[in-house]
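Colleague: The structure that follows is given in the form of structure tokens.
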Amino acid sequence: MGHVISSFEDLKALEGLEVGVSDWLLISQEHINQFANLTHDHQWIHVDVERAKKEMPGGTTIAHGYLTLSMIPAMTAGFLEFTNLKMGINYGLNRVRFTNMVAVDSRIRARSVAKTVKQRSKAIQLIGETSVEIEGESKPACIVETVSFFHLG
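Just add 46 to the spot in the sequence shown (first one is 1) and you have my numbering.
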């Protein structure tokens, strides 16, 4: 269960704190292929299993960086539970760095911190930082600074 939020003060109290760590999520070749088909990014490092066996470090295909990035909302969805959310908006990303490859059949998870919380007109602005960790690796797959707005009712 995530942090229950019903006011600006509830979210502000989390500023500077870790708000959640997700469960592990397996990234299979099927996930990678589906993402490649959706985005039309069929670079061999992602989809050519036989070539990857010969030419890639570790001998496996790797997930697209943007696939890893796109899994963050699903992995972090339960970190904050709003009692009166009218609308949540992903405003953008201040910074994204892909710092490690996610090999096929790796498990990843998200770890998020609420960096800053501000009242902005009728919305709450949350700037968060999420690291996507790879099971068994010391270096994360990516580190992302997100900007979100929450309109409460």
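Ideal Cβ positions, reconstructed from N, Cα and C, are used throughout, including at glycine.
The model shown is predicted, which means the values in this text are computed figures rather than measured ones.
Can you name the residues that DSSP bridges to L84?
Modeller: Working through the sequence shown from its first residue, we reach residue 84 at position 38. Paired residues: none, contrary to the question.
Colleague: Taking 8 Å as the cut-off, decide whether the C-beta atoms of S158 and G66 are in contact.
Modeller: On the sequence shown, position 112 is the one that residue 158 refers to. On the sequence shown, position 20 is the one that residue 66 refers to. Contact: yes.
Colleague: Buried or exposed for S184, going by 16 or more other Cβ atoms inside 10 Å?
Modeller: Here residue 184 refers to the residue found at position 138 when the sequence shown is read from its first residue. Exposed.
Colleague: How many Å lie between S177 and H86 at the Cα?
Modeller: Here residue 177 refers to the residue found at position 131 when the sequence shown is read from its first residue. Here residue 86 refers to the residue found at position 40 when the sequence shown is read from its first residue. Going by the C-alpha atoms only, they are around 26 Å apart.
Colleague: Could you tell me the distance, in whole angstroms, from the CA atom of F54 to the CA atom of A160?
Modeller: Counting from 1 along the sequence shown, the entry for residue 54 is found at position 8. Counting from 1 along the sequence shown, the entry for residue 160 is found at position 114. Roughly 13 Å between the two C-alpha positions.
Colleague: Based on the DSSP output, what are the partners of I108 in its beta bridges?
Modeller: Here residue 108 refers to the residue found at position 62 when the sequence shown is read from its first residue. DSSP output for I108 lists A149 as bridge partner(s).
Colleague: May I ask you to list the residues that DSSP assigns as paired with A160?
Modeller: Stepping through the sequence shown from its first residue, residue 160 is reached at position 114. Partner(s): G174.
Colleague: Rounding to the nearest angstrom, what Cα-Cα distance links F144 and A169 in this structure?
Modeller: Here the question's residue 144 lines up with position 98 in the sequence shown. Here the question's residue 169 lines up with position 123 in the sequence shown. F144 and A169: Cα-Cα distance of roughly 30 Å.
Colleague: Looking at the C-beta of I135, does it have a partner C-beta in chain D at a distance below 8 Å?
Modeller: In summary, chain D is missing from the structure at hand, where a single protein chain is found.
Colleague: Below 8 Å on the Cβ atoms is my guess for R141 versus E191; work out the distance and round it to an integer in Å.
Modeller: Position 95 of the sequence shown, counting from 1, holds the residue named residue 141. Position 145 of the sequence shown, counting from 1, holds the residue named residue 191. At roughly 4 Å, the Cβ-Cβ gap stays under 8 Å, so R141 and E191 are in contact.
Colleague: If distances are taken between C-alpha atoms only, which option among F196, E61, N146 comes closest to G104?
Modeller: The count along the sequence shown starts at 1 and reaches residue 104 at position 58. Answer by Cα proximity: N146.
Colleague: Counting Cβ pairs closer than 8 Å, one from the region 128-135 and one from the region 94-113, do we hit at least three?
Modeller: No, the region 128-135 does not touch the region 94-113.
Colleague: Residues in the same chain with beta-carbon distance under 7 Å from V148, minus the five sequence neighbours each way, listed in chain order, please.
Modeller: Against the sequence shown, residue 148 aligns to sequence position 102. Within the same chain, V148 has close Cβ partners I73, I108, A109, T114, I154, I180, A187.
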